[in-house]
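Undergrad: Right, I'll just put the structure down here and ask away after.
Protein chains: 2
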Amino acid sequence: MTDTPLESPEATETAFYRAFAATDLAAMARLWLSGEEARCIHPGGDLLAGATAVLESWRQIFAGAAAPTVRHRLLHSTAAAHLSIHLVEERIGRANADVEGLTRVIATNVYRETANGWRMVLHHATLPLEEERKGHLAASRKEATRRLH
Amino acid sequence: MTDTPLESPEATETAFYRAFAATDLAAMARLWLSGEEARCIHPGGDLLAGATAVLESWRQIFAGAAAPTVRHRLLHSTAAAHLSIHLVEERIGRANADVEGLTRVIATNVYRETANGWRMVLHHATLPLEEERKGHLAASRKEATRRLH
Numbered sequence: 001m002t003d004t005p006l007e008s009p010e011a012t013e014t015a016f017y018r019a020f021a022a023t024d025l026a027a028m029a030r031l032w033l034s035g036e037e038a039r040c041i042h043p044g045g046d047l048l049a050g051a052t053a054v055l056e057s058w059r060q061i062f063a064g065a066a067a068p069t070v071r072h073r074l075l076h077s078t079a080a081a082h083l084s085i086h087l088v089e090e091r092i093g094r095a096n097a098d099v100e101g102l103t104r105v106i107a108t109n110v111y112r113e114t115a116n117g118w119r120m121v122l123h124h125a126t127l128p129l130e131e132e133r134k135g136h137l138a139a140s141r142k143e144a145t146r147r148l149h
Numbered sequence: 001m002t003d004t005p006l007e008s009p010e011a012t013e014t015a016f017y018r019a020f021a022a023t024d025l026a027a028m029a030r031l032w033l034s035g036e037e038a039r040c041i042h043p044g045g046d047l048l049a050g051a052t053a054v055l056e057s058w059r060q061i062f063a064g065a066a067a068p069t070v071r072h073r074l075l076h077s078t079a080a081a082h083l084s085i086h087l088v089e090e091r092i093g094r095a096n097a098d099v100e101g102l103t104r105v106i107a108t109n110v111y112r113e114t115a116n117g118w119r120m121v122l123h124h125a126t127l128p129l130e131e132e133r134k135g136h137l138a139a140s141r142k143e144a145t146r147r148l149h
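Each protein sequence line maps, in turn, to chains G and A. In terms of our numbering, the first sequence is residues 1 to 149. In terms of our numbering, the second sequence is residues 1 to 149.
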C-alpha cells in the first residue's frame, strides 16, 4: 500500500479502515499518532495507552487472520480546530461475508491535525447488544442500577 | 441541587457524575448540550442521537433506582479550542458498596464550550471484559478475526 496523504479526518478514517481490512500493520502505524497520546479501546477491551500498546494490539488482531470484510459509515461528526470526533458504524466479518455475516460495531474515532497530517488519537469501539437493537434502551446501565433495588 | 456553573470540562464532568449518583434527571438535562448534537452510548447499548433520546435513556435508568455509588477518575484528556475529550474510569454500584461491589466502566466523555458553559456532547461508556483485565488484549477484535480462518 502506498502512503496516502492524511490531509483530512475523512482521509485518515478511510486509511484506518483500509489498513484494518488489509491487516496491514505498517499502514496502521502510519496513521496513528505516535507517542504516548494514542488511546484505543477494542470491543470488550480495556484502555490501551500509547502507540506501542495500541499497535501491539493490532498486531495481535492481525496475526494469522485472513483479510476481513470491513465497512464503515460516518454517523456523526463534531469538530474544533485541529481536532475531529467521528461516530462511525462498522460492519466487520470474514472475506465475502454477506450482510447477515457482518458484526455491527459503533466506534468513536478522534483525529488530531499534526505537522504530518491528521492522525488517529483515539479509537473506542463497542458492540451493541442484540437486545439493544430491538429498542430496549440502556439495558446495561439499567442492569447496573437494577442491583440497587 | 443548585445550578453549578459549568465553567470548565472538569466542572461539567463532576456535575455529570453527581447527577448520575443522585439519579437527578433535571441536573442531567442542564449539563447536556440541548438539541440534536448530543450523542450517548451506554455499555452494550446502541447509539442514541439527540438530547431527547439521550435524556429519555437516563430517565429509564433512573426510574425506580436507588441512588448508586458513582466514582470517577480522569485517565487522560485531549483538548482543542472549545472541545475537550476525557477518558474516564467509572466505578459504579449500589449505595454503600465496597470496592469489590463496584463495576468498572471506561468512558469517553466529550464536552463543548457554549455561551452557557461547557456542555456534554458525547458519553460513550463500555464494560471491559474480565479476561481483558488479566492481560488478554483485544480478545473481542480477535474473536471477530478468528472466524476468518
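Backbone N, C-alpha and C fix where the C-beta goes; we use that ideal spot for every residue, glycine too.
Looking at the C-beta of Glu13/G, does it have a partner C-beta in chain A at a distance below 8 Å?
TA: For Glu13/G, the answer is no, since every Cβ of chain A falls outside 8 Å of its Cβ.
Undergrad: So, with DSSP's three-state summary, where would you put His149/A?
TA: At His149/A the pLDDT is 31, less than 50, meaning the model places this residue with poor confidence; the figure from the coordinates comes in the next sentence. Looking at His149/A - three-state DSSP - the assignment turns out to be coil, as it is neither helix nor strand.
Undergrad: Arg39/G touches chain D at which residues, Cβ-Cβ below 8 Å?
TA: Structure shown: chain D not included; protein chains present are G and A.
Undergrad: Does the pairing of the segment 119-130 of chain G with the segment 27-41 of chain G give three or more beta-carbon distances under 8 Å?
TA: Enough Cβ pairs lie closer than 8 Å, so yes.
Undergrad: By alpha-carbon positions, which one of Ala66/A, Gly45/A, Leu33/A ends up nearest to Ala51/A?
TA: It is Leu33/A whose Cα lies nearest to the Cα of Ala51/A.
Undergrad: Going straight from the alpha carbon of Ala67/A to that of Ser57/G, what length do you get?
TA: Those two C-alpha atoms are separated by around 37 Å.
Undergrad: Measuring CB to CB, does Ala11/G end up less than 8 Å from Ala27/G?
TA: Not a contact, by the Cβ cut-off of 8 Å.
Undergrad: Rounded to the nearest angstrom, what separates His72/A and Asn96/G at their Cα positions?
TA: Using only the alpha carbons, I get a separation of about 43 Å.
Undergrad: Does Ala27/G get closer than 8 Å to chain A when you measure Cβ to Cβ?
TA: Judged by the 8 Å Cβ criterion, Ala27/G is not in contact with chain A.
Undergrad: Beta-carbon separation of Glu7/G and Gly93/G under 8 Å?
TA: Not a contact, by the Cβ cut-off of 8 Å.
Undergrad: Pull up the DSSP beta-bridge partners for Leu83/G, would you.
TA: Ala80/G, Arg112/G, per the DSSP bridge assignment.
Undergrad: Go ahead and pull the three-state DSSP assignment for Thr69/G.
TA: In the structure shown, Thr69/G sits in a strand (DSSP, three-state: E or B).
Undergrad: Check whether the Cβ atoms of Glu100/A and Val70/A sit closer than 8 Å, and answer yes or no.
TA: No. Outside cutoff.
Undergrad: Under 8 Å, Cβ to Cβ, is there at least one residue of chain G near Pro128/A?
TA: Cβ-Cβ to chain G under 8 Å: yes for Pro128/A.
Undergrad: Identify whether Phe20/A lies in helix, strand or coil by the three-state DSSP scheme.
TA: Looking at Phe20/A - three-state DSSP - the assignment turns out to be helix.
Undergrad: What does DSSP give as the partner residues of Leu48/G in its beta bridges?
TA: Per DSSP, Cys40/G.
Undergrad: Tell me which same chain residues have a C-beta within less than 7 Å of the C-beta of Ala31/G, skipping the five on either side of it?
TA: In the sequence on display, residue 31/G carries Leu and not Ala. Leu6, Thr12, Ala15, Phe16, Ala19, Arg119, Met120.
Undergrad: Compute the distance between the beta-carbons of Thr126/G and Pro43/G, then report whether it is under 8 Å.
TA: Closer than 8 Å, so yes.
Undergrad: Quick one: which chain G residues come within Cβ less than 9 Å of His82/A?
TA: By Cβ distance, chain G contributes Ala80, Ala81.
Undergrad: By Cβ distance, which residues of its chain are closer than 6 Å to Pro9/A, with the 5 residues on each side in sequence left out?
TA: Cβ neighbours of Pro9/A beyond the five flanking positions: Ser84, Tyr111, Trp118.
Undergrad: Are any of the Cβ atoms in chain A nearer than 8 Å to that of Leu122/G?
TA: Closer than 8 Å: yes.
Undergrad: Please list, in chain order, the chain G residues whose beta carbon lies closer than 7 Å to that of Thr52/A.
TA: The premise fails here: Thr52/A is roughly 12 Å from chain G at the closest Cβ pair, so nothing lies under 7 Å.
Undergrad: In angstroms, rounded to a whole number, what distance separates the CA positions of Ala115/A and Leu25/A?
TA: Ala115/A and Leu25/A: Cα-Cα distance of roughly 22 Å.
Undergrad: In angstroms with no decimal places, state the Cα-to-Cα distance between Phe62/G and Arg104/A.
TA: Rounded to the nearest angstrom, the two C-alpha atoms are 28 Å apart.
Undergrad: What residue does the alpha helix (DSSP H) around Leu25/G start on, and which one ends it?
TA: Segment 25-31, the alpha helix (DSSP H) holding Leu25/G.
Undergrad: Is the Cβ of Leu6/G closer than 8 Å to any Cβ of chain A?
TA: With 8 Å as the cut-off, Leu6/G does not count as an interface residue toward chain A.
Undergrad: Between which two residues does the beta strand (DSSP E) holding Val99/A run?
TA: Per DSSP, Val99/A belongs to no beta strand (DSSP E) and is neither H nor E.
Undergrad: Can you grab the Cα-Cα spacing for the pair Leu48/A / Thr78/G, in whole Å?
TA: Rounded to whole angstroms, Leu48/A to Thr78/G spans 15 Å at the Cα level.
Undergrad: Less than 8 Å between the beta carbons of Glu113/A and His86/A, yes or no?
TA: No, Cβ-Cβ distance for Glu113/A and His86/A is not below 8 Å.
Undergrad: Among Asp98/A, Leu75/A, Leu74/A, Gly64/A, whose alpha-carbon lies nearest the alpha-carbon of Thr23/A?
TA: Considering only alpha carbons, the answer is Gly64/A.
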